[in-house]
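Colleague: Handing you this structure, nothing more for now.
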Amino acid sequence: MSFRPRRVAREPLPHSGWLLRCRSWGGLSSSRPAEAGGAPCATGSLRARAFPVDPPGLCDCAGRCHGSRVPCRHSSGNQRAPRGRRGERSAPTGPDDRGRLVSANESPTAERTRTVVARRITTVTAVCGSFVLVVALLPLALPIALIHDLVRGTRLKAVRCLLLLAWFLFCEVWGLAVTALLLLGEATIARGDRERGDRWFYALESLWSGALFHGAERIFHFRVVVDPASDRGMGPLIVFARHTSIGDVLLPLLLLGPRGLRMRYVMKQELRVDPCLDIVGDRVPNTFVRRDSGDSAPEIAAVVRLLSNLSARDCVVIFPEGTRFTPAKRARVLARIAASGNPEAERRALRLKQVLPPRPGGTLGLLEANPGADVLFFATTGFEGIATVWDLWAGRLIGATIRVFTWRVPYAEIPKDQEGRLAWLAENWQRLDDWVGEHRARQES
């Protein structure tokens, strides 16, 4: 009896309209029409994708497809896919929802668990090994770096970078050790008390971030100045922050955390190479997104799910630009928008000189599914030109002044229709761009 693989019809992705087509930069304009057969994405449909009420059907693909509300790729309807009989050949392998080859009889959840464990073993080992190596070589490397700086007259930039590397690795090892203790305590002392465990990990997140940032602040002698007119209220909040550097990511946590606010970050998947961010970031509500994913719908749904159970002490932090601002990236984005044939989006993008146009997917998804949170715009300047470790080596952060300005838009003032939200977002993002340009010009003069 010849074997013929069973074919099942794949259901189309249950979405249409402008919002979930976030891969196009032209989506920022309300003048872009829906594709054939599509309709504007309604608030109810997006909520249904992010907060499913009815439990998904069961199938051999375990939880990955259903967890993101993507239709099961291995069975149709809500019926469990039939397993092969004894003696029959197993079903051929096929791609899972991340593009990896997984056998039809193997759970993607188990495969994902193996991947996570392997990654964390690798990153934790690398961090701990690097810390031991740096500490062992520090007595020899510091005098050499000092002589180099004195001869070159570089304001001790080599010594500062070496000290920052040692401090970063120390914070990593310390953070991993405390994380292990908290996980053990959560399994024993706080068994079943999720709220108590959350408090522990939020406290660790605040202490780790503060130690890392303030250590760098002392090593490079820069300072942070908050505009007196900035908002100082409580949540719930959705924070739209500017992103230019590896340093400004921590500013919302450091400036809003002392008020008692707890951050829910939208971070890029690449940051999982940091084991502290990887482990603790999964323990408290955060999400890691693939910015260049071929299917953006699950990524948007994961971002929107951060709004679940949002209290007055919580805020969702997203960087709408999607990447760090550089002049080269701005040129590429402008070329992409021009090629999209959307004159309104191109006009808005050309007016922005200091920031990139916001990517519409996660940003507009949060606005559409917003349960009642105010929006806080988080403008920063002073970190320009410090996008990589090599920029630190160039000494651009030494003695810098980092300025921060925030303003709040109440939920009642946020438009509830698609066109109104687009215009509102463009107006406030332009205000952020103007503030950055004004303070940069003042600082340079």
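Add 437 to the 1-based position in the sequence shown for this note's numbering, that's all there is to it. Here a beta-carbon is modelled for each residue, glycine too, at the ideal position from N, C-alpha and C.
In terms of residue numbering, what span does the alpha helix (DSSP H) encompassing I656 cover?
Modeller: Along the sequence shown, read from residue 1 onward, the residue named residue 656 stands at position 219. 631 to 657 is the extent of the alpha helix (DSSP H) around I656.
Colleague: Could you give the residue range of the beta strand (DSSP E) that holds R840?
Modeller: The sequence position of residue 840 within the sequence shown is 403, counting from 1. Unbroken beta strand (DSSP E) run through R840: 838 to 846.
Colleague: At the level of alpha carbons, what is the spacing between S667 and A776?
Modeller: Taking the sequence shown and counting its residues from 1, one reaches residue 667 at position 230. Taking the sequence shown and counting its residues from 1, one reaches residue 776 at position 339. Taking the straight line joining both Cα atoms gives about 38 Å.
Colleague: On the DSSP bridge assignment, give the partners of R660 in chain order.
Modeller: Position 223 of the sequence shown holds residue 660. Beta-bridge pairing links R660 to T838.
Colleague: Check whether the stretch 648 to 661 and the stretch 839 to 848 are in contact - that is, three or more C-beta pairs closer than 8 Å.
Modeller: Yes, since at least three Cβ pairs between the stretch 648 to 661 and the stretch 839 to 848 fall closer than 8 Å, the two stretches touch.
Colleague: Excluding five sequence neighbours on each side, which residues of the same chain lie with their C-beta closer than 7 Å to the C-beta of D870?
Modeller: Along the sequence shown, one-based indexing puts residue 870 at 433. Closer than 7 Å at the Cβ level, and outside the excluded window around D870, lie L789, K790, Q791, V792.
Colleague: Could you name the residues that DSSP lists as bridge partners for A816?
Modeller: Within the sequence shown, the letter at position 379 stands for residue 816. DSSP output for A816 lists F842 as bridge partner(s).
Colleague: So, is A863 buried or exposed, given that buried needs 16 or more other C-beta atoms within 10 angstroms?
Modeller: Within the sequence shown, numbered from 1, the residue matching residue 863 stands at position 426. By the neighbour-count rule (16 or more Cβ atoms within 10 Å), A863 is buried.
Colleague: Please report how far the alpha carbon of R773 lies from the alpha carbon of A786, in whole angstroms.
Modeller: For the purposes of this step, residue 773 is taken as residue 336 along the sequence shown, with counting starting at 1. For the purposes of this step, residue 786 is taken as residue 349 along the sequence shown, with counting starting at 1. The alpha-carbon atoms of R773 and A786 are separated by roughly 11 Å.
Colleague: In this structure, how does DSSP classify K766 when only helix, strand and coil are distinguished?
Modeller: Your numbering for residue 766 matches position 329 in the sequence shown. Helix.
Colleague: For V726, which three-state DSSP category applies?
Modeller: For the purposes of this step, residue 726 is taken as the residue at position 289 of the sequence shown. The answer is strand: DSSP assigns V726 an E or B state.
Colleague: Could you say which of G822, V615, A738, Q867 lies nearest to A765 if we only look at CA atoms?
Modeller: For the purposes of this step, residue 765 is taken as residue 328 along the sequence shown, with counting starting at 1. Of the candidates G822, V615, A738, Q867, the one whose C-alpha sits nearest the C-alpha of A765 is G822.
Colleague: May I have the straight-line CA-CA distance separating L600 from R655, to the nearest angstrom?
Modeller: The count along the sequence shown starts at 1 and reaches residue 600 at position 163. The count along the sequence shown starts at 1 and reaches residue 655 at position 218. Rounded to the nearest angstrom, the two C-alpha atoms are 11 Å apart.
Colleague: Pick out whichever of R679, A603, G634 has its Cα sitting closest to the Cα of N384.
Modeller: Residue 384 cannot be examined here, being either before or after the span of the chain that is shown, 438 to 882.
Colleague: Whose C-beta lies closer than 6 Å to the C-beta of V812 among residues of the same chain, with five residues either side of it excluded?
Modeller: The residue labelled residue 812 in the question sits at position 375 within the sequence shown. Within the same chain, V812 has close Cβ partners I675, V846.
Colleague: Should V588 go down as buried or exposed, given a rule of 16 or more other Cβ atoms within 10 Å for buried?
Modeller: Indexing the sequence shown from 1 puts residue 588 at position 151. Looking at its Cβ environment, which holds fewer than 16 other Cβ atoms inside 10 Å, V588 is exposed.
Colleague: With DSSP as the reference, identify every bridge partner of K705, one or two as the case may be.
Modeller: As a first step, residue 705 must be located in the sequence shown, where it is residue number 268. V726.
Colleague: With H, G and I counted as helix, E and B as strand and the rest as coil, what does DSSP make of L803?
Modeller: The count along the sequence shown starts at 1 and reaches residue 803 at position 366. Of the three classes helix, strand and coil, the one that applies to L803 here is helix, per DSSP.
Colleague: Tell me the residue span of the beta strand (DSSP E) that contains I675.
Modeller: Numbered from its first residue, the sequence shown carries residue 675 at position 238. Run containing I675: 674 to 678, per the beta strand (DSSP E) assignment.
Colleague: Under 8 Å between the Cβ atoms of M671 and R701?
Modeller: On the sequence shown, residue 671 is found 234 positions in, with the first residue counted as 1. On the sequence shown, residue 701 is found 264 positions in, with the first residue counted as 1. Not in contact: M671 and R701 (Cβ atoms no closer than 8 Å).
Colleague: If distances are taken between C-alpha atoms only, which option among P665, L693, E707, R699 comes closest to I683?
Modeller: Locating residue 683 in the sequence shown gives position 246, counting from the first residue. Closest by alpha carbon: E707.
Colleague: Considering only C-alpha positions, which residue in the set A555, G612, P797, L606 is nearest to R858?
Modeller: Working through the sequence shown from its first residue, we reach residue 858 at position 421. Of the candidates A555, G612, P797, L606, the one whose C-alpha sits nearest the C-alpha of R858 is P797.
Colleague: Is the Cβ-Cβ distance between L690 and S748 less than 8 Å?
Modeller: As a first step, residue 690 must be located in the sequence shown, where it is residue number 253. As a first step, residue 748 must be located in the sequence shown, where it is residue number 311. It is not a contact, given that the beta carbons lie outside the stated cut-off.
Colleague: Return the residue from the list I584, W830, R879 that minimises the CA-CA distance to R597.
Modeller: Indexing the sequence shown from 1 puts residue 597 at position 160. Nearest option by C-alpha distance: W830.
Colleague: Contact check, M704 vs F725 under 8 Å by CB: the rounded distance?
Modeller: Counted from its first residue, the sequence shown places residue 704 at position 267. Counted from its first residue, the sequence shown places residue 725 at position 288. Yes, M704 and F725 are in contact; Cβ-Cβ is about 5 Å, under 8 Å.
Colleague: Would DSSP call V792 helix, strand or coil?
Modeller: For this step, residue 792 is matched to residue 355 along the sequence shown. It is coil, neither helix nor strand.
Colleague: Find the nearest neighbour of Q855 within the set Q880, H585, R877, E805, judged by alpha-carbon distance.
Modeller: Position 418 of the sequence shown, counted from the start, is the residue given in the question as residue 855. Residue E805 is the option with its Cα nearest to Q855.
Colleague: Comparing alpha-carbon positions, which option in H651, A614, I558, G874 lies nearest F638?
Modeller: The count along the sequence shown starts at 1 and reaches residue 638 at position 201. It is A614 whose Cα lies nearest to the Cα of F638.
Colleague: Do P721 and L803 have their CB atoms nearer than 8 Å?
Modeller: On the sequence shown, position 284 is the one that residue 721 refers to. On the sequence shown, position 366 is the one that residue 803 refers to. At residue 721 the sequence reads Val, which differs from the Pro that was named. No, these two residues do not count as a Cβ contact at 8 Å.
Colleague: Could you name the residues of the same chain whose beta carbon sits closer than 6 Å to that of A890, not counting the 5 residues immediately before and after it, in chain order?
Modeller: A question about residue 890 goes unanswered here, because the residues of the chain that appear run from 438 up to 882.
Colleague: According to DSSP, simplified to helix, strand and coil, what is R699?
Modeller: Walking along the sequence shown from the start, residue 699 turns up at place 262. In the structure shown, R699 sits in a strand (DSSP, three-state: E or B).
Colleague: Taking only three categories from DSSP, how would you classify V721?
Modeller: If you number the sequence shown from 1, residue 721 lands on position 284. In this structure, V721 counts as coil in the three-state DSSP scheme.
Colleague: Can you tell me which of the three DSSP states I581 falls into?
Modeller: For the purposes of this step, residue 581 is taken as the residue at position 144 of the sequence shown. DSSP places I581 in helix when its eight states are reduced to three.
Colleague: From the DSSP output, read off the bridge partner residues of I755.
Modeller: Looking up residue 755 in the sequence shown gives position 318. In DSSP, I755 forms a bridge with F677.
Colleague: Could you check where the alpha helix (DSSP H) with K594 kicks off and where it finishes?
Modeller: As a first step, residue 594 must be located in the sequence shown, where it is residue number 157. Run containing K594: 594 to 625, per the alpha helix (DSSP H) assignment.
Colleague: Should W419 be labelled buried (16 or more other beta-carbon atoms within 10 Å of its own) or exposed?
Modeller: In the structure as shown, the chain begins at 438 and stops at 882. Residue 419 is therefore absent and cannot be evaluated.
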